[in-house]
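First comes the structure, then the notes that go with it.
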Amino acid sequence: MEPSNTDVDDFTSPCQLTKSIHWDLYPALDPNNPDLSASGKVVLFACDGSPVGTDCTTAWITAGAAAIIFICSNVMSLNLTTEHLKTTARLKTTARSTTIMGYSTDMTSESSVEVLYENIKTRFGNVDVLINDAITLNNQNTGDIEPVLWWHDFECHVKGPYLMSHYFIKYFGAKGTIINISSLAVGLVMPGFSSFSASKLAMAKTSEYLQKEHPNLRVFCCMQGISEKKPKYAVALPYAIDGTLTGPMSLYLSTPRADYLKGSLICANWDIEEMEQHKDEIVKKQLLKLGFLNAKLGPEGHPWET
8 MEPSNTDVDD FTSPCQLTKS IHWDLYPALD PNNPDLSASG KVVLFACDGS
58 PVGTDCTTAW ITAGAAAIIF ICSNVMSLNL TTEHLKTTAR LKTTARSTTI
108 MGYSTDMTSE SSVEVLYENI KTRFGNVDVL INDAITLNNQ NTGDIEPVLW
158 WHDFECHVKG PYLMSHYFIK YFGAKGTIIN ISSLAVGLVM PGFSSFSASK
208 LAMAKTSEYL QKEHPNLRVF CCMQGISEKK PKYAVALPYA IDGTLTGPMS
258 LYLSTPRADY LKGSLICANW DIEEMEQHKD EIVKKQLLKL GFLNAKLGPE
308 GHPWET
């Protein structure tokens, strides 16, 4: 489904890897697909009430996860989301045994995160998948935005996922899957978006480090779709049609089929079957790892054209 009078390629094509691109569910990424079954898995969502985070949890409920743990710093939002997820689970035959648990947690506070993991360890024993998808956007130009608001994006997108990952490893060991939800904004330079874009880019880099430091972990950074429920900026509203793809993509990333993408930055819109056809090239050429500069650096210097 495409919005009228809008070319959705305007937003996706600058960051398009696969020749096939998706805005709606397709069979290979359908949460009802047995290949994406989440049976027996305990999943922790650090979403802080983000709309895409809610869409994401719904996909895991559909896939039959054993338990969904949802954290949010706002108690009212936490309670509303938890009840919504419980209702969703009751309506799905694949998820009637899914446990839904919400915790009030400030993921930028180390003490709060440690208490969270202590409680989860006691209640569930283990977490198989951690999905970091809290999001904040304070979009003003430098000189106009208050420094504390500018820095808050880094607290949310870098410190928070770091703390969640640190204590995930501390309590459950360097195994399982960690998925950090990023944004197409990492590849763009737009006035007023420096804190959002740079912090999401830092998230992608720390994801690469986490994979390198703990090879037995499965770490991914996924550029998300835009939820029609609550786009973060008005210009994105016409493109807010693919928020439901992020959850199914996270299901795929939790399976061994996605091992060739470990440590990579990917996009929820990309076609997984096309990527699998070219996985050897993706790995060999490190196509989905962050680069440095467009210049060709080396002992001989850059080969100037003039």
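Per our numbering, the sequence shown runs over residues 8 to 313.
Where is the CB? At the ideal position from N, CA and C, for every residue including glycine.
If you're wondering where the values come from, they're calculated on a predicted model, not measured in any experiment.
Query	Result
Residue nearest to Tyr216 in terms of C-alpha spacing, selected from Leu24, Ile75, Pro168, Thr143	Pro168
Leu224 (DSSP reduced to helix, strand or coil)	coil
Expected contact under 8 Å - CB spacing of Tyr110 and Tyr178 to nearest Å	That belief does not hold up - the Cβ atoms of Tyr110 and Tyr178 are roughly 14 Å apart, past 8 Å.
With 16 other Cβ atoms within 10 Å as the buried cut-off, status of Asn276	buried
Gly183 beta carbon less than 9 Å from that of Pro38	no
The stretch 88 to 96 in contact with the stretch 137 to 149 per 3-pair CB rule at 8 Å	no
Continuous alpha helix (DSSP H) stretch holding Tyr124: start and end	117 to 131
Residue range of the unbroken beta strand (DSSP E) whose run includes Met108	106 to 111
Backbone secondary structure at Ala45 - three-state DSSP	coil
Selected residue, minimal CA-CA separation from Ala45, among Ser80, Leu24, Glu283, Thr106	Thr106
Beta-carbon spacing of Ser214, Val196 below 9 Å	no
Whether Val193 touches Leu208 by CB criterion (9 Å)	yes
Beta-carbon proximity list for Lys212, same chain, < 8 Å, skipping 5 on both sides	Leu297
Contact check, Cys22 vs Cys228, beta carbons under 9 Å	no
Own chain residues within Cβ distance below 7 Å of Pro34, not counting five before or after	Asn40
Proximity test, Cβ basis, 9 Å: Pro38 and chain D	Although the question refers to chain D, the structure presented lacks it and comprises just one protein chain.
Coarse secondary structure for Lys239, derived from DSSP in three states	Residue placement at Lys239 is flagged as unreliable, the pLDDT there being 48, under the threshold of 50; the coordinate-derived value follows with that caveat. Looking at Lys239 - three-state DSSP - the assignment turns out to be coil, as it is neither helix nor strand.
Endpoints, alpha helix (DSSP H) assigned at Ser317	A query on residue 317 cannot be resolved here, the shown segment of the chain reaching from 8 to 313 and no further.
Integer Cβ distance of Leu36 from Met256, believed to fall under 8 Å	7 Å
Residues near His221 in its chain [Cβ-Cβ closer than 6 Å; skip 5 each side]	Ala181
DSSP state of Met230 mapped onto helix, strand, coil	strand
Coarse secondary structure for Tyr189, derived from DSSP in three states	A small fix is needed here, since residue 189 is Ser in this sequence, not Tyr. Three-state result, Ser189: strand.
Ser104, buried or exposed, once every other Cβ within 10 Å from all chains shown has been counted against 16	exposed
DSSP state of Leu258 mapped onto helix, strand, coil	helix
Secondary structure of Trp277, DSSP reduced to three states	strand
Distance between Leu300 and Gln293 (C-alpha atoms, nearest Å)	15 Å
In DSSP terms, what Glu79 is bridged to	Here residue 79 turns out to be Cys, not Glu, going by the sequence shown. In DSSP, Cys79 forms a bridge with Ser111.
Start-to-end residues for the alpha helix (DSSP H) that takes in Ile289	286 to 291
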